[in-house]
Amino acid sequence: MSDSTVSHARQRRRRAMLWSFAFILLLSIVLPLGYALAQSGGQGVQQQQRQQMQQQQRFGQERATNPRSDMWRDAREGQGGFTTQTGPYVTNTMISNTGETWRQFRMGPLITYGGYLLIGALVLVALVFTFVGRIKLSHGRAGMTIQRWKPFERFLHWFTAISFILLAITGLSLLFGRSVLIPLMGHQAFAAYADVGKVVHNYIGPAFSIAVLLMIVLWVKHNIPNKTDLKWFAAGGGIFGKSHPSAGKFNGGEKVWFWVGIVIFGTAVGVSGFLLNFPLFGQTRADMALYQVIHAVTSLLWIGFFFGHAYIGTLGTEGALEGMTTGRVDVNWAKQHHDLWLEQELAKGVKPLPAESASASAGAVPPVGQPSH
Ligand code: HEM
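Residue -3 is where the sequence shown starts when you use my numbering, and the numbers rise one by one after that.
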């Protein structure tokens, strides 16, 4: 082969290489550009592509883009699917958006604002105690007592109070477990405690609800609002200043505790708790999330309100607690706090008894601060 033939062949090879390189370069620019143009070709095209892909998915065909990411995207958007696990909340629901929304609410605002609410209520009670102090018996004790609560009423009250406290402790432990108790107790101790707490909560709940219902039936007749209550509120319930506004068996404040605390919160907490405890009525996952939110929010409000009730019934008012423990109150206490009720009782012929004989006949412990003789 002559030298000129060899150099021609080399030139042709070099030209072929150059053309190939230019062609590849052109493709590497044109193809992505074309793809980008096709992608930005408006919503319509994208929607068409998406519909096409969904159709392909439905018919189980091979798809152009990553099939797994599209499947999970659809599942997240709530598209039905197939699950091997079946049950009232899970059949063919691969990812529950309701569940995730609920989880974020529970772990976020519910815990944060619920915590603020309880701390706020305790701070308020402490402020009232500091700046207003105990409401004393302005004329001291009369030494004569009158029956205020019958044995069954006291039993019902303390049954409700003890179960409420147990429910509040176990309920708050489950709600604030991860954020407050696990850092303090560790995972294992909390798991053991939460296991017992859950059982206690679930068994006491129904009994408590029945007691609350009985309380409503028993005391509703004393809680019908009237004009006396408005005057009681106008006088600030006698908390501020020296006046003692009139009241029947229950004063305006007690009626608010009865209607808001016992009737409204009691019904909301009781019904939602029942539906959570017994998922036998076709409740869906979304229903359960809703009931949990109602249950937790109303329980938190109720516990905050309860701090106020327990304070007024103990430290806040001299002579109130003995009514609920022994059944009898000092006549001066009745005159100061429930004058209209005292008048009614006396008009009915109820005779006040000396404190000692009354407590001896009732077999009760004398009130705190009273000698037993
Ligand atoms: C440690 C907790 C509690 C204490 C110290 C306490 C104390 C008292 C006292 C002293 C009374 C009598 C007030 C009076 O004679 O006028 C009373 C009444 C009452 N309690 Fe409680 N209580 C407690 C918990 C509860 C709970 C948990 C509930 C309901 C969930 C409740 C519901 C009532 C109701 C409806 C009344 C009658 C109306 C009223 O006085 O407000 N109590 N309580």
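The beta-carbon is built from N, C-alpha and C at its ideal position, and this holds for glycine as well.
Taking the CA atoms as reference points, residue 247 sits about 25 Å from residue 204.
Judged by DSSP in its simplified three-state form, residue 130 adopts coil rather than helix or strand. If you look at residue 72, you'll find it in the alpha helix (DSSP H) that goes 63 to 72.
For residue 140, the uninterrupted beta strand (DSSP E) segment begins and ends at 140 to 143. For residue 251, the closest alpha carbon among the candidates 264, 271, 211 is that of 211. Residue 348 is not a Cβ neighbour of residue 107, given a cutoff of 7 Å. Taking a contact as a CB-CB distance under 8 Å, the pair residue 160 and residue 173 does not count as one, their CB atoms being some 20 Å apart. Under the 10 Å beta carbon count, residue 4 is surrounded by fewer than 16 other beta carbons and is classified as exposed. Going by DSSP, residue 99 is part of no beta strand (DSSP E) but of the alpha helix (DSSP H) stretching over 93 to 101. Per DSSP, residue 176 is not a residue of any beta strand (DSSP E), being assigned neither H nor E.
Not one heavy atom of the ligand HEM is found less than 6 Å from the C-beta of residue 337. The residue from 280, 104, 137 with its alpha-carbon nearest to that of residue 314 is 137. If you draw a straight line from the Cα of residue 291 to the Cα of residue 351, it comes to about 44 Å. In the DSSP assignment, residue 325 falls within the beta strand (DSSP E) that extends over 324 to 326.
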